[in-house]
Structure formats: structure tokens, C-alpha cells
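See below for the structure under consideration.
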Amino acid sequence: MSLAKVFITRRLPTELEQLYAIASGTARSAIASVEVWPERQPPPYEVLLAKAQNVDGFLCLLTDKIDRQLIENSSLKVISQMAVGYDNIDIAAATAQKIPVGHTPGVLTDATADLTWALLMAAARRVVEADQFTRAGLWQTWEPDLLLGPNVAGATLGIIGLGRIGQGVARRAHGFDMKILYTNRHQSDSELEKTLNVEFVPLETLLRKSDFITIHTPASDDTYHLISDRQFALMKSSAILINTARGSIIDQDALYHALSQNQIAAAALDVTEPEPIPKDSPLLTLDNLIITPHIGSASRQTRSKMATIAIANLIAGLKGDRLPYCVNPQVYD
Ligand code: DGY
Numbered sequence: 007m008s009l010a011k012v013f014i015t016r017r018l019p020t021e022l023e024q025l026y027a028i029a030s031g032t033a034r035s036a037i038a039s040v041e042v043w044p045e046r047q048p049p050p051y052e053v054l055l056a057k058a059q060n061v062d063g064f065l066c067l068l069t070d071k072i073d074r075q076l077i078e079n080s081s082l083k084v085i086s087q088m089a090v091g092y093d094n095i096d097i098a099a100a101t102a103q104k105i106p107v108g109h110t111p112g113v114l115t116d117a118t119a120d121l122t123w124a125l126l127m128a129a130a131r132r133v134v135e136a137d138q139f140t141r142a143g144l145w146q147t148w149e150p151d152l153l154l155g156p157n158v159a160g161a162t163l164g165i166i167g168l169g170r171i172g173q174g175v176a177r178r179a180h181g182f183d184m185k186i187l188y189t190n191r192h193q194s195d196s197e198l199e200k201t202l203n204v205e206f207v208p209l210e211t212l213l214r215k216s217d218f219i220t221i222h223t224p225a226s227d228d229t230y231h232l233i234s235d236r237q238f239a240l241m242k243s244s245a246i247l248i249n250t251a252r253g254s255i256i257d258q259d260a261l262y263h264a265l266s267q268n269q270i271a272a273a274a275l276d277v278t279e280p281e282p283i284p285k286d287s288p289l290l291t292l293d294n295l296i297i298t299p300h301i302g303s304a305s306r307q308t309r310s311k312m313a314t315i316a317i318a319n320l321i322a323g324l325k326g327d328r329l330p331y332c333v334n335p336q337v338y339d
């Protein structure tokens, strides 16, 4: 087997050392050279295109556009993405070229469910506004109606997408005695519904009945702008919307309208369309919106596990072994 060349599209946490160790190591090493893009910003598309024609493996991030043109003109034997989501990669094109694509499921479930709850609580109890209020020197006394928000305990939580992260959010809701509704492409089995104490409902019912609505469905043609004017019109005026999945699932013009007209009470986004959110976006003028910079998986332990899995997928692909976490196992048929 000839030794392989690898391009890593950004500096990774310390696990990169593992990769260097393997690359500079023994005869059983699969890797001849590792090039790491050194900048804080992602490599421009032209750089990706050129690298893809010269290396055997990519270790990439969700900010890298890996499209059909790049894939069809590449020498890639494996694409290993350090993320669970892979909507930046043309999977059909990779499959047609028999290139396995790896991702990192499972290890970021808890971190993302935690951040969802951090945003839900912060939006409900207006934590960001309260901090800004205090720092602006506006705290003069205890006031009966200062910065009021709704109860979280006992409220109804609507979960759109009951995959691993949606389930993690549901489990955390038990501590708050919430009624939990969910909607999904398919209804989960009754055993899981019982364990999680969740009720399957159509999206419209969920939107009408929930006090908190949280999105955990992947980005796809089916979920593009799933939440738009019509869906906001169905929500309670007290509803709070959370999105830690992908920005494209919410129509942001409709969100701006809903928040500025008090059609819903508040929202919190960890993901936007595009990312980063443009500095002149009208959304940034709203007090009833919290935006964080796509940090759902940003716990040290989680990022380290994601990097380790991405490296394992990469090395397996270079060796011609089956990827431990493969998005398109059809390539092995
Ligand atoms: C993912 O993995 O898809 C998250 O959005 C980033 O960690």
C-alpha cells in the first residue's frame, strides 16, 4: 500500500498530535504527509479544490464546501468530517465516486443538549438582557416587575426531531416536570416514548400547544425553512423558539417579523443562515433574541472525542478499511 497524503482544513485540538505520531511513525503508518491549513478562517474553495486533486484524505469541518465539482475532480479516497452533520458535503456525489464519508455521531449529544437547555433557560429568564442591564448601571433596586419571564417548570416543551440530541433534551426536561410533545419523520417506538414520557403529535399541533419549541432535525431539502411565517402564526404569543440544529431550518426574515411584532416572545439560536450572521442583520437589533456562534458541541471533552473519531475515520479510509462511522455505507456494497 502506498503511503497517503492528508489535508486537514483547520488546526484541531491536541489529538492532532496523535495523527502526527502516526504519520511520522512506523512502517505500519498509512500516512506520508499531513498538511494543516494554518489560518483561523476556513480555506477558500479554490484551495480545497486544488488540495483535493493532490491528496488521498480530507479531514474537514462543516464550514468547508465539499461539492460535486470538488469530489468528481479529486484524488480523494476518504472524506472525514469532524461533525455529526454533513450538509456541507455532497454525499450523493461522494457515493457515486465510491468515496466513504465519515462523521462523528453520538459524542456530541450531551454537549448539544446541554447548550439547548442553557439557551432555553437564558431566553426564558432573560439572562443576557439582565446581564446587560446590570453592566449598564441600570440596577437601582429590587422591582416587582423587573425582567419577568415565564416558568420553565411545568411548561410544555415541543421537540422537532427526536434523534439522539432531541432525546437528550427530553431527558433533561424531566427534571422540570414538563409535558413533552415531539414530532418526527417517523413516530418512535412505544418503549422509547414511554421511557422519555413524550407524546407524538403533528408539527402544527406541536406549534400550537408548546411553550418552548426546540429544533433537532438535520438540514435537508425537506427541512429548509420548515419554520416560516405560517408556522410562526400558529405559535403562542408567549412561545420561545430554540435552534441548535442548522440555520436553514428557520426562515430568518419570518423570525425577525415574528420577534419584532411580538408574535412570539423570544428565540435563541446557536446556528444561523449564513454563518457567521452578517453584522448588519436586523436580527442583531432585537432584545428578545439570543445568538451564540455555533457552540453546541463546544465542550473540551466533546471536541476532543470528535477529533479522535474523525482521525479514526480518516485513517480507516486511507487504509481501505471500513470507516467506524460512515455516512454512506453503500460505498461498500
Ligand atoms: C455538528 O457536529 O454537526 C455540529 O453542528 C457542530 O458540532
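Residue numbers (this note's numbering): 7 to 339.
From the three backbone atoms N, C-alpha and C, an ideal C-beta is built for every residue, glycine too.
Treat the numbers as computed from the prediction; the structure is a model and nothing was measured.
Going by DSSP, I37 is part of the beta strand (DSSP E) stretching over I37 to V42.
Residue burial is scored here from C-beta neighbours: P284 has fewer than 16 other C-beta atoms within 10 angstroms and is therefore classed as exposed. For the 7 Å CB-CB criterion, T189 and L212 form a contact. Relative to the non-hydrogen atoms of the ligand DGY, the Cβ of V90 comes within a distance shorter than 6 Å of at least one. According to DSSP, residue pairing for Y188 in a beta bridge involves I165 and F206.
In this structure, DSSP gives I72 an extended state, which the three-state scheme calls strand. By the criterion of at least three beta-carbon pairs nearer than 8 Å, the stretch 192 to 199 is not in contact with the stretch 211 to 226. Beta-bridge analysis with DSSP links T220 to I165 and I248. I37 sits away from V53, with the two beta carbons spaced by 7 Å or more.
In the three-state DSSP reduction, V84 falls in the strand class (E or B). For S303, the distance from the CB to the nearest heavy atom of the ligand DGY is below 6 Å.
Nearest to L289 by C-alpha distance, out of S310, L320 and D257, is D257. Under the three-pair Cβ rule at 8 Å, the stretch 153 to 162 counts as touching the stretch 115 to 132.
Contact annotation, T115 with A89: C-beta distance approximately 13 Å; criterion of less than 8 Å not satisfied. The stretch 83 to 99 makes no contact with the stretch 256 to 270: fewer than 3 CB pairs, one atom from each, lie closer than 8 Å.
In this structure, the CA atom of T201 is about 10 Å from the CA atom of Q173. For N203, the number of other beta carbons within 10 angstroms of its own is below 16, and it is reported as exposed. For L9, DSSP assigns no beta-bridge partner whatsoever.
According to the DSSP assignment, F139 belongs to the alpha helix (DSSP H) that extends over V133 to R141. Pairing T147 with V207, the inter-Cα distance amounts to about 45 Å. For A272, the enclosing beta strand (DSSP E) has its first and last residue at A272 to L275. In the structure shown, G181 adopts helical secondary structure according to DSSP, grouped into three states. Judged by DSSP secondary structure, G323 falls within the alpha helix (DSSP H) whose first and last residues are R306 to K325. Judged by their CB atoms, T291 and V113 are not nearer to each other than the 7 Å cut-off. V158 sits in coil when the DSSP states are folded into three classes, being neither helix nor strand. Note that the C-beta distance between T118 and G167 is not below 7 Å.
When DSSP reads this structure, F64 sits in a beta bridge with F13 and I85.
For the pair P44 and N294, the Cα-to-Cα distance works out to about 37 Å.
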